[in-house]
Each structure stands twice: as C-alpha cells, then as structure tokens.
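Data block below; observations after.
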Amino acid sequence: MIKVIGRRLAFALPVLLATSIGMFLLGAASPMDPAKQYAGAAVFTMSEENLAQIRANWGVDDPLYVQYLRWLGNLLHGDLGWSTSRHEMVGDVIAARAGWTLLLIGITLGVVLIGSLVLGTLAAYRRGGLLDRGVRVAAYAVQSMPSFWLALAAIAVFAIGLGWFPAGGLTDVRSTGVDVADVAHHLVLPVAVLAISQAPWFLLFVRDSVAESLREDHVLAARARGLAGRTVLFGHALRTALLPFLTLVGTHLPELVGGSVLVETVFSLPGLGAVSVHAALGSDFPLLAAITLITTAVVLAANLLTDLAYTAADPRVRIDG
Amino acid sequence: MKNLLVIEGLGVRFRLRDATVHAVSDLDLTVRPGELLAVVGESGCGKSVLAHALLGLLPANALVTGRALLHPARPAAPGPSTQRRTLPRWSSVLPRPAGDRAESRRGSSGWSSRLSRRLRDSAEHQPEGTGAGGGGVGSGGAVDLLACGEKVLARSVRGRRIGLIPQSPATALTVVRTGRRLLAETLTAHGRDPGLAAQVAIEAGLDPADLERYPFELSGGMAQRLATALALATDPPLLIADEPTSGLDRPLVDHTLDLLRRRCDAGAAVLLITHDLAAAERVADTVAVMYASRIVEHRPAADLFRSPAHPYTQALLNALPDRDFTPLPGHPPMLTALPPGCAFAARCPRVSETCATRPSGPVACHHPLVEVPA
Amino acid sequence: MADLALSRPRIRPGTPVAALVLGAAVGAVLLVPLLLPLDQSAVALDRTTLPPSPAHPGGTDDLGRDVLHRSIYGLRVSLLVGVVAAVAAALVGGLIGGLAGLLGGWVDRILMRVIDTISALPHLLLGIFIVAMLRPGLGAVILSIGLTHWLSTARIVRSELLSLRTRPFIDAAIAGGAGRTRILTRHLLPHVLPKIALAVTLMIPHAVWHETSLSFLGLGLPPHLASLGNMINDGQRSLLAGAWWSSIVPGAVIVAVTLAIAALAGRWRDHLDPRVRAELNL
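Chains as they are written, first to last, in our numbering: chain W, 1 to 321; chain L, 322 to 695; chain F, 696 to 977.
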C-alpha cells in the first residue's frame, strides 16, 4: 500500500514540476505584456514611468528563472496570483467555482460508471443480441459527436422544444438562494450530456472485457460448479474484468475534465470551465496556469485513488505489494 | 445395471473464419453408475471438448450434434427439472419447487433474482430446436444434455448431477477469491453447509490451512487439489475429471486416483479424461481410446491393457516407460483436415489399401491385433 | 481518447456507406468553392433565420447566410486543419517514438516518462492554454493539436520498433553486414510507415474535434471565418430562440464526416492487424 502511494507520488511531483515549467515557458514566450494587461484600459492614459513602475513591481524584467522560482514560491505559499481577466485574486476565483465543477464531474462520473457497468455487462452477456448491437452502434455514433454540439442538441430538444429542463444556469433567475431541488433540476441536462458523451469509451471497455472474461477458464469453471447466473456474472466474470478498468478510469479523467469545460460553457454553469475560457480569451496567465495545475494535481490524486482501489481489489498486488 | 449416461453419435465442430475444426466425431459412449470410464488420448485429440460439450460450456461457434442422455442417479420421484418444465418462463411470482430452494437461499431480492433468471435464460450456446421450457427432457427424468438448453443445464445439471474437475486449475480458479471462499460459495449454492469446506479439502488431499491462500499463492499441485475439492463439494452422481493429475507428484497422483476409485465403489460414476495411460490402468473399469476426434477402441480396462486391439492403442502402450518405452513416430492429423478413411493410417504399421475407407465397430480398425466381438 | 481509439476493436457502420459519405464530403469541399464561391462577409438581412427548405437545405442563420453553404466551407477549413495537425502530431510522435524505440535504454525511459506526463494532463485545458498564450489563430490551433495529440503515434512507433528489434530478420540483416542506415530505411521503415499512416488517419477525427472545440469556445479560427466550430458558436443565439438548425446542421456535418473517416480507418486497421480471436479451447 505504502509502496503504491510512494510510487505515485514519485511520479506526480515531477509531473507537476514539469508542467509548471512548461506552462511558465509558454507564458514567457507569449507576446502579451502582463503590465499592460494589469493596467487594462488605463494603459492608454498611463505614462511610460508608471508602466515601468508596474513592471518593476512585478519583476517582469528579471531573468526567467528568477521569475519562475518566485512564481513557484508564491504558488507553494498559497498565493496563486492576480487574475488579469477577472480583476480579483486567483485563489478567490477558484475557491468560488471549483465546487460546482467538482459536483458536475463527480455526479457524471458516478452516472457513467454505474450506467456503463450495467449496460456493458448485459451487452456482453447477450453478445450479438439486440441490446449488444444497439449499445455498440449508439456508442460508436456518440463518440463522433462533440460534447458541445450534443449539449446544444439537448437544449434544442429538451429545453426549447419540450420545455422540460432549463437551458442553462444553475438556479432559477427569480430565486434568491441556492435550493437543492432547483440545482438538481438545472443539473439534469448538463450531467446527462456529459455522461452520454463520455460513456462510449467506458461502455465499450466494460462490454469487451466482460465478454472476454465470460470465455475464460475460471468463469467456465464457476458455471460448471452450478453457481447461479448472477453469482457467475457479478462475482466471477465482472470481478476479474474490472481489475484493469479501475486504473483506466483514472487515465480517462483528463478527457472528462475537457468535456466538462465545454458543457459548462454551453450551459453557462458557474464552474471553472467558463472561467478558463474567459481567462484564455484575455490571456490571463495566472488564472489559466493555476487552473491547469490544480486540475492536473486533482487528476493525479484521482489516479492515486484508483491505484489504491486496484490494490485493494486485486490480492496479487495487495500481497506482493 | 441401468446406464447413467448414454452418448450417441456426438459430434462437435467449431466454425472458424476459414476452416472447420472437427473436435469430436460420431462418438458413442455409455457410463453406468459405479463405473470409472477413462477416455485416453494424446493432447489435442478432442477429449476436453467432450467434457465441455456434455456441460454445455462450449463457445458460441461450436456446432453440436447427437444425443447425450443423462438418467437420474436414483429413478425415484421425478427430478426438479421435470417439475420446472411446467412453470412459465421467468415466473418469479409462483412458489418455487423444492429443488430450487438451494439457489434461492442467498439474497434473492426481487430485482436481482429476476435478473439472474433472465441471464440464465440467455444461453450462449443454445442448441436449435429448443423451445420454451424444458425441451430435451426425455421420459423417466432422463435429460438430453445436448438439447435441454442452458436453463436446465444451469439449474439442475451442472454441479448437481455432473461435476467437473477442470483442466489447468491454475486458470480455472477466480484470482480474487481465496480457496475457502470459493469452496464455501459452491457449498452454499448447493444447499450444503459452508463449514464443510475443511472436510472437503482434506478429502481432496489439501491442507485446510491452504484454503486461506489466494489461487496465485498456490503451487500447481495445490491448485489442482483445490479444483478437485471444488468439484467434490457438490457430490455429483457423475464426475468428469479433466486431467485431474497433471502437475501432481506420484503420491498425490495416486491419492487423487484412489479418491476417484472410491467414489465409483460408493456408486457414483467418473469420466476420467487423461493422457496418462498408467493412471487409467490403475483405476479404470473401462477405457476408451480417442484418436483424432474419434473413439478407436472402447473395451474393459483389463482386456485392453492385456491385449490391445487397435494399433494405436498398442503404440500408446509401447510408449509407456515400464513397457517398450518407444515413442510413436509422426504426428496426429490436423482436426481441420481429417482424412476420409482411417485417421491413423498415416502412422500405422499395419496399413493397407482398405484403410482408405473408414473402419467401424468397437475397435475402429480394418486390421485389429485381436478380434473383438461387437 | 486518441490512444484508445488506436488500440481497441469497435464495430463500424458499413464500409460502403462510410466511403460514400466521405466521398460526398470531399467532393463538396473541392467542388463547391469552384461552382458556388462564398462571400465570407456577405449578409442578407431579408432572409434571416429561415428554417430548412429546398432553397436553403440547411436553413439560414441570423444574418441570412445559408447554413449548408457555410458548413461546406467550414468543413473545408476543419478538414485542412485536421489533416495538417494530424500530420504534425504524427511527425512529432514518430520522431519521439522512433528515438525511444531505436535508442532504448535511458532515452527510452525518459521519453516514456514524458509521454506518461502529458497523458496525465487534460488535453483540452492544455490546448486552451497554448492557444491563449499564443493568441488565437490557425497556427496556434495546429500547434495546440500537434503538442497534445502525438502520444499515441509515439507509443505505436516505439512498440513497433521494439518488437521489430527482436525479430530474426533484423539479426540476419545485421549479420549480413548491413549498416545502421540501411537497416533503418530498408527494414524498419517499411514496417513502421503503414502504422504511422494509419495513426495519422485515425488522428484526423480527433484533430477535427479539437479544432472545432477550440473554435466553438472562441479560441480557434477568427470569428468571421466560416468554420464549423465558429458556426455552432454563432448559432447558439438562434438556437435559444428556437432556430435549431444554425447550430445543429454544422455539427451534423462534423459527426457524419468524422464517423466516416473513423469507420474507414478502422477497417484499414483490421486489415493491417487482424486480431483473429478463435474462441476455441481444445
């Protein structure tokens, strides 16, 4: 167990470091002048001395490595910097919005996992059957649909056409506070769209690995012992088919994060996605860098979690370590 | 004595992309209660397919023909399968017959039990001509294993009436379960006390302490004994043992063989599939020699080992270390390209022109070493 | 996603249908600009947001522009970006995978670490970051795709080279006195090139999706240009007012074309690397 954590951390820290260096270099190569960005519209009336003063304050003209170390030091102290696109502290921006993104991704992940496990297992059990073929054709088609387009189509049908769900936002415009039922109602479409757009990969994986597992010796042996179909399917076939699935869930998370950026933007949810896009349009390096780094850290942490789950699920790893 | 299992004209073919594998052809065999029948042959001659065919465990691309009637071990009250035949499909509303109680014991909330029923109904390998309900159930509680369908096999045959010691136990054990959990699960599924696990393990020659280990922690021999214990746990009237002695050292081979022999002496039947002639000689009542998908000689063990009739049998015996120790030259034909005549002709010292036609009879040879009356 | 698309079997719609769709798309992209040139800046305020009709099969947008006509122009841009970016990604991946596979040892270990690192990052966020730092535009989009999508090609080339290195005919060539260059060009490249070509083809849909995503977010091609992502973005306003076609039609074009490319590429992969699974245990 400790070995697994150690191995993951030994991988995660260089990844984060390398990512931060890479991003910093890209930011330094950017033609944007942070001082001018900071000044905003005032830049046109500002004197050259004032601009130089801002530059000096920011240390923009220091050597790159000095700037990088200062930035990194600030990050480690919890000072994420000043967002030039939103004109507030990066930490505050993220703190106010990360929760909603986590909520969206968390619920979606749950829906995707449960849905793909059930459907994929059933499809595998009745290989070549109607459900199997339907699921595979649908998965294949959905895979070609950009998630933002799927989101717009869902809005056109379920929000504009049928009027069942709101087209965007997180709470009703008339409401004053945050009401759980209201939020849930607003989240149905975004979660459904994100889940459907991410599901094909999970679904096909479960389907294929359970189908393969059903022909394996230990499953045949379990059937030969006269165990009930449910026991064979869930206790023997699915159980072993899922071992590789666990780690792959972790590796697929970055994809889910990307999808959430698009879906949040379409549904105008107040999460990190819309903020990153806004920040990108304004070339807001501190905010974008912080969001990318934090997301990477969260993805790596999730990878660690799935590794631990794998370790707990597979006695071969648990015991040999 | 009445037959327990009667196989008539069993054929198994596999359709591949560009070929057809003839794994079993025109196979006739009978097994009586108390009989230990050994099916011997080189690996790849179709022995294991025979076991899987009888239990309906073949993959979807297998084409099975013929009949395999399994008679009730004690022809008393009609078996659970005939009762169940009258039940409508997927009916979870009606009270279950007594025979079903064993499997319904473990948490059957409405949803999951309905689901599992549906799952079992969807057979991977469902022979044609199987209507709804228990098709293939013959008179007097006999079941045609090849026609009765997945539902009957899963509910009343596998484990209950036919047990299987699978080939290659290392892969046949679910890796995430300890031996004790596997054994307890099987005992519970058949309505027996899971506390019997230790006793069953000892019977199979496995130290109960080793039950706490995961399959990957077991040696090949230990895994083999655990697989044997799992098959014995259900105490089936017919036990199919597919190479049960591979990976065991001599004392354990003898232990396992004696175990099978004792089962037969107690009235159960064993179908021993092996490539080990010495093992067959030690315990078998009757021996069927298989070559290139066909039975070439089927005779009482004592007769066969004393004076083999088929040249192939003789060649196998000559290869034994305590006999001539002369290996048989050449290779058996590919199961995708079997010759129209005698498949052994290419390797046979007694070959003649008539061997281009297929021989028949209890000894499938045109030039047997001894005459055997039909 | 790109990595797994290369390694897993999928079912595909009929190859002829896919070929027909792709043929029609390529034909339209090549012929329409010749026969029916589009004035990118023209607007026609007398026919705004008309639903699909025989005159305008894809309807018109809120500036009276024909949606299907612009979609074909958008597809032209998207395919061009997709192909160029996929080739760029494959070049990067081929180079890095080639270095890792040929040199092996610590070079291999470090490069694989780099690949693992980048695959742990959210690609779209990384793409957004790259574009944001370089100012939105065609070059930034292609660079963004090239820098995030080369991983699968690198993995394929590396593993192919590693497996080739152990094959007897390479030993035979070395024993026969063939030099490094000769082995590389005469023995290794012929085996690796088809795989790279396949990787490029499988990459095109992913590159198109990435480009349209960036354009949709306003971070891709300049807004006045008819690109599929821009059009879907523009169409959002009309869609909320009930005119679904201005967003849905360009999206449907993406779906049809990428599906067709993926289907044909998948067929090609099966042809190159047939995984015959004989379900047989004798």
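Heads up, the beta-carbon is just placed ideally off N, CA and C, and yes, glycines get one too.
Looking from the CA of L/A667, the closest CA among L/P654, L/V352, L/N324, L/G516 belongs to L/P654. Within the same chain, G822, I825, V826 come within 6 Å of F/S839 by CB-CB distance, once the 5 residues on both sides are set aside. The beta carbon of F/R853 lies closer than 6 Å to those of G792, A795, G796 in the same chain, with the five residues before and after it left out.
Distance between F/S942 and F/L916, taken at the CA atoms: about 17 Å. By the criterion of at least three beta-carbon pairs nearer than 8 Å, the segment 738-750 of chain F is not in contact with the segment 801-808 of chain F.
When the beta-carbon positions are compared, W/A195 and W/G115 come within less than 8 Å of each other. For F/T843, the three-state secondary structure derived from DSSP is helix. Partner residues in a beta bridge of L/H687, as assigned by DSSP, do not exist. Nearest neighbour of L/T678 by Cα position, chosen from L/G500, L/L467, L/C663, turns out to be L/C663. Here the C-alpha atom of L/V691 lies approximately 20 Å from the C-alpha atom of L/L598. Beyond the five residues adjoining it in sequence on each side, F/V787 comes within less than 7 Å, by CB distance, of G841, W845 in the same chain, given in chain order. L/V361 places its beta carbon 8 Å or farther from that of L/A622. Short of 6 Å from the beta carbon of L/L371, and not among the five residues preceding or following it, lie these beta carbons of its own chain, in chain order: V345.
Residues are counted here when their Cβ sits less than 8 Å from a Cβ of chain L; for the segment 236-270 of chain W these are H236, R239, T240, L243, given in chain order. Closest in C-alpha terms to F/F911, from the list F/S773, F/L745, F/N928, F/A958, comes F/N928. Contact with chain F is absent for W/L122, since none of that chain's Cβ atoms lies less than 8 Å from the residue's Cβ. In the DSSP annotation of this structure, L/M655 is not part of any beta strand (DSSP E), being labelled neither H nor E. Membership of L/G484 in the beta strand (DSSP E) is indicated by the continuous run 483-486. Residue contact with chain W for F/F911: present (Cβ-Cβ distance below 8 Å to some residue of chain W). The residue among F/N925, F/A723, F/R962, F/L715 with its C-alpha nearest the C-alpha of F/P831 is F/N925. Contacts with chain L at 8 Å (Cβ-Cβ) include W/P315. Straight across, the Cα-Cα distance linking L/L357 with L/R603 is about 11 Å. Taking a cut-off of 8 Å on C-beta distances, the segment 937-954 of chain F touches the segment 739-746 of chain F, as three or more cross pairs fall below it.
Around W/D179, the same chain offers no residue with a beta carbon nearer than 6 Å, after the five sequence neighbours per side are excluded. Judged by beta-carbon spacing, L/P354 lies within the 8 Å limit of L/L325, meaning their Cβ atoms are closer than that value. Of all residues in the segment 61-83 of chain W, none has a C-beta nearer than 8 Å to a C-beta of chain F. In the DSSP secondary-structure assignment, L/T595 is bridged to L/V361.
Less than 8 Å divides the Cβ of L/A550 from the Cβ of L/A522. For W/W82, the pairing in a beta bridge is given by DSSP as W/M89.
A check of alpha carbon separations from F/L731 across F/H764, F/I810, F/G913, F/A867 identifies F/H764 as the nearest.
Within the DSSP bridge table, the entry for L/F335 names L/V342, L/A383 as partners. By alpha-carbon distance to F/V779, the top candidate from F/A957, F/E906, F/L967, F/P885 is F/E906.
In the DSSP assignment, L/D579 falls within the unbroken alpha helix (DSSP H) covering 571-586. Note that the C-beta distance between W/P315 and L/Y535 is below 8 Å.
Counting along the chain, W/M145 sits inside no beta strand (DSSP E), nor does DSSP assign it H or E at all.
Across the set F/H886, F/I837, F/T848, the C-alpha of F/T848 shows the shortest separation from the C-alpha of F/A894.
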